[in-house]
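For the sequence shown, the residue numbers in the numbering used here are 2 to 388. Structure, as structure tokens:
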Amino acid sequence: MKKIIISIALVLSMVLVSCGTTQEKAPEKKTEEKKEATTAVKQEAPKEPEDWVKFYTKAGMEALEVKDGKVNFDKAIKNFEMAVEAYPTAPIVYYNLGLAYQRKGDDQNAVKNYNKALELDSKYALPVINKAAIYANKLEYNRAIEVCEKFLEKENDKDKGVLSAVAGFYLLKGDYINAIQSVRKILIQDQADVDALKNLGMIYFKKNDSGLASMVTTNSYNLKPDDSGIANNRGVLYSSQNDDSLAMLYFSRAIANDPKNKSANFNVGSIAMKYGDAETAYERFSVVLAQDPDNLNARIGLAMALRGLGRFEDAEKEYMNVLQKDPNNAIATFDLAVLHYDHMDKKVDAKREFRKYLSLVSDVPKDHIINLYLEDKVNIRPTGKTE
Numbered sequence: 002m003k004k005i006i007i008s009i010a011l012v013l014s015m016v017l018v019s020c021g022t023t024q025e026k027a028p029e030k031k032t033e034e035k036k037e038a039t040t041a042v043k044q045e046a047p048k049e050p051e052d053w054v055k056f057y058t059k060a061g062m063e064a065l066e067v068k069d070g071k072v073n074f075d076k077a078i079k080n081f082e083m084a085v086e087a088y089p090t091a092p093i094v095y096y097n098l099g100l101a102y103q104r105k106g107d108d109q110n111a112v113k114n115y116n117k118a119l120e121l122d123s124k125y126a127l128p129v130i131n132k133a134a135i136y137a138n139k140l141e142y143n144r145a146i147e148v149c150e151k152f153l154e155k156e157n158d159k160d161k162g163v164l165s166a167v168a169g170f171y172l173l174k175g176d177y178i179n180a181i182q183s184v185r186k187i188l189i190q191d192q193a194d195v196d197a198l199k200n201l202g203m204i205y206f207k208k209n210d211s212g213l214a215s216m217v218t219t220n221s222y223n224l225k226p227d228d229s230g231i232a233n234n235r236g237v238l239y240s241s242q243n244d245d246s247l248a249m250l251y252f253s254r255a256i257a258n259d260p261k262n263k264s265a266n267f268n269v270g271s272i273a274m275k276y277g278d279a280e281t282a283y284e285r286f287s288v289v290l291a292q293d294p295d296n297l298n299a300r301i302g303l304a305m306a307l308r309g310l311g312r313f314e315d316a317e318k319e320y321m322n323v324l325q326k327d328p329n330n331a332i333a334t335f336d337l338a339v340l341h342y343d344h345m346d347k348k349v350d351a352k353r354e355f356r357k358y359l360s361l362v363s364d365v366p367k368d369h370i371i372n373l374y375l376e377d378k379v380n381i382r383p384t385g386k387t388e
């Protein structure tokens, strides 16, 4: 699997922050009561709102940490709900709750809480960016841009975070002219704005102007070498030149700077899978999916890694999860067919899936391996773990 993902500035919104008005003092409660609060089973309203909202927020953040490739979203949501109960007038508690729902894949409740945060503070940029990102993830780029533009009209026209998000959405849409215009609005304010330069470098990259892309990205990296997104994008440039060694170097630096960087983790997983390192691929794709469960490319990558690890039934479940959300996903259809034919002795299912694949793609050459599968002329691959 070789699909390299760039980092754009809008991903900076995917962070949790604690209530800005909270105090540093820890809640004065007994140890047993603290344990109950951490698991969000304590139902009575906290007596010290500012302290308790901080306490619940911290517990919610801890629940969102990736452990053994998984995240306890339910526990995180319960804790953030307790934070809302403790301090219902603080916009940030609704933002945190919305982010937990967004990472779980519950877009409806995510938007609901982002809107509540914006009702309390109409100049709060992070809910706007994340709300727009939900639409962008569904390829509704115009709607995502509209959400941001509406915010920018309300005396927030110089908000660099939202302008960066708009540039990112235009970049994803392929509208490079408007993407550059959005970046320029930031650079007018700050010529050395790293997020703007990050997006500008990738705009040139997508325009196939490798010279300008390399120059801008290198300058950005020199300005801020510890920025995870810029390190990832340097890796993208080297990957485009088929230099996997240097690409991995910068992807690894990106992860060292930010272990949760989705793009960098995805890219490491893709290159690892290319070289048969299924264990590393599994770890990296798991990190991506723990934050973005609707990332179908990462789920396909995880399924491929599971197949390489010899966990065929688990791989089958992941492919089925992809096809449940995207029934016409050609890659998942083909890979599932190979899994069924090579490793699970389900040749009838496999041939049905191969035929479906043929109906989804065009111009399949006669010597394509799929024809050998349909004619039972393929030598079955080893069923053991990929080394």
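The C-beta atom is built at its ideal place from N, Cα and C for all residues, glycine as well.
Can you tell me the Cα-Cα spacing of residue i and residue j, whole angstroms?
{"i": "residue 84", "j": "residue 316", "result": "38 angstroms"}
{"i": "residue 372", "j": "residue 278", "result": "28 angstroms"}
{"i": "residue 171", "j": "residue 182", "result": "10 angstroms"}
{"i": "residue 366", "j": "residue 375", "result": "14 angstroms"}
{"i": "residue 194", "j": "residue 167", "result": "15 angstroms"}
{"i": "residue 187", "j": "residue 229", "result": "20 angstroms"}
{"i": "residue 130", "j": "residue 121", "result": "16 angstroms"}
{"i": "residue 51", "j": "residue 310", "result": "48 angstroms"}
{"i": "residue 105", "j": "residue 211", "result": "37 angstroms"}
{"i": "residue 248", "j": "residue 269", "result": "9 angstroms"}
{"i": "residue 139", "j": "residue 156", "result": "28 angstroms"}
{"i": "residue 308", "j": "residue 335", "result": "14 angstroms"}
{"i": "residue 55", "j": "residue 219", "result": "39 angstroms"}
{"i": "residue 287", "j": "residue 298", "result": "12 angstroms"}
{"i": "residue 346", "j": "residue 353", "result": "14 angstroms"}
{"i": "residue 356", "j": "residue 344", "result": "19 angstroms"}
{"i": "residue 109", "j": "residue 200", "result": "29 angstroms"}
{"i": "residue 368", "j": "residue 322", "result": "30 angstroms"}
{"i": "residue 377", "j": "residue 331", "result": "21 angstroms"}
{"i": "residue 224", "j": "residue 134", "result": "27 angstroms"}
{"i": "residue 88", "j": "residue 67", "result": "27 angstroms"}
{"i": "residue 74", "j": "residue 259", "result": "21 angstroms"}
Are residue i and residue j touching if we call contact CB-CB under 8 angstroms?
{"i": "residue 254", "j": "residue 267", "result": "no"}
{"i": "residue 292", "j": "residue 318", "result": "no"}
{"i": "residue 61", "j": "residue 101", "result": "yes"}
{"i": "residue 351", "j": "residue 333", "result": "no"}
{"i": "residue 245", "j": "residue 272", "result": "yes"}
{"i": "residue 165", "j": "residue 197", "result": "yes"}
{"i": "residue 313", "j": "residue 290", "result": "no"}
{"i": "residue 329", "j": "residue 361", "result": "yes"}
{"i": "residue 82", "j": "residue 65", "result": "no"}
{"i": "residue 173", "j": "residue 136", "result": "no"}
{"i": "residue 239", "j": "residue 251", "result": "yes"}
{"i": "residue 265", "j": "residue 274", "result": "no"}
{"i": "residue 208", "j": "residue 177", "result": "yes"}
Answer with buried or exposed for residue i, where buried requires no fewer than 16 other C-beta atoms within 10 angstroms of its C-beta.
{"i": "residue 160", "result": "buried"}
{"i": "residue 90", "result": "exposed"}
{"i": "residue 72", "result": "buried"}
{"i": "residue 103", "result": "buried"}
{"i": "residue 46", "result": "Low local confidence applies: a pLDDT of 48 at residue 46 is under 50, so the model's placement there is unreliable, with the coordinate-based value given in what follows. With fewer than 16 other Cβ atoms within 10 Å, it is exposed."}
{"i": "residue 296", "result": "buried"}
{"i": "residue 126", "result": "buried"}
{"i": "residue 320", "result": "buried"}
{"i": "residue 380", "result": "exposed"}
{"i": "residue 189", "result": "exposed"}
{"i": "residue 92", "result": "buried"}
{"i": "residue 128", "result": "buried"}
{"i": "residue 257", "result": "exposed"}
{"i": "residue 94", "result": "buried"}
{"i": "residue 231", "result": "buried"}
{"i": "residue 370", "result": "exposed"}
{"i": "residue 276", "result": "exposed"}
{"i": "residue 349", "result": "exposed"}
{"i": "residue 175", "result": "exposed"}
{"i": "residue 326", "result": "exposed"}
{"i": "residue 263", "result": "buried"}
Would you verify that the beta carbon of residue i is, or is not, closer than 8 angstroms to some beta carbon of chain D?
{"i": "residue 347", "result": "Going by chain labels, chain D is absent from the structure shown, which holds only one protein chain."}
Do the stretch 300-312 and the stretch 72-79 make contact, defined as three or more Cβ pairs closer than 8 angstroms?
-> The stretch 300-312 makes no contact with the stretch 72-79, as fewer than three CB pairs between them are under 8 angstroms.
Could you tell me which uninterrupted alpha helix (DSSP H) segments, each at least 4 residues in length, are contained entirely in the stretch 47-111, listed from first to last along the chain?
-> Fully enclosed alpha helix (DSSP H) runs of 4 or longer: 50-64, 74-87, 92-105.
Sufficient close CB pairs (3 or more, under 8 angstroms) joining the stretch 203-217 to the stretch 231-238 | In short, these stretches touch, since the Cβ pair count reaches three.
At which residue ranges does the stretch 323-357 contain complete beta strand (DSSP E) runs of 3 or more residues, listed in the order of the chain?
-> Counting only runs of 3 or more, we get nothing.
Inspect the CB distances between the stretch 140-150 and the stretch 110-117 and report whether three or more fall short of 8 angstroms.
-> At 8 angstroms Cβ cutoff, the stretches do not touch.
Beta strand (DSSP E) runs contained entirely in the stretch 96-181, provided each spans 3 or more residues | Taken in chain order, the whole beta strand (DSSP E) runs of length 3 or more contained in the stretch 96-181 number zero.
Continuous alpha helix (DSSP H) assignments of at least 4 residues falling wholly in the stretch 194-242 = Runs of the alpha helix (DSSP H) inside the stretch 194-242: 195-207, 211-224, 229-241.
Return the chain-ordered ranges of every alpha helix (DSSP H) run that is complete within the stretch 246-307 and spans a minimum of 4 residues.
-> Taking only runs of at least 4 residues, the alpha helix (DSSP H) segments lying wholly in the stretch 246-307 are 263-275, 279-292.
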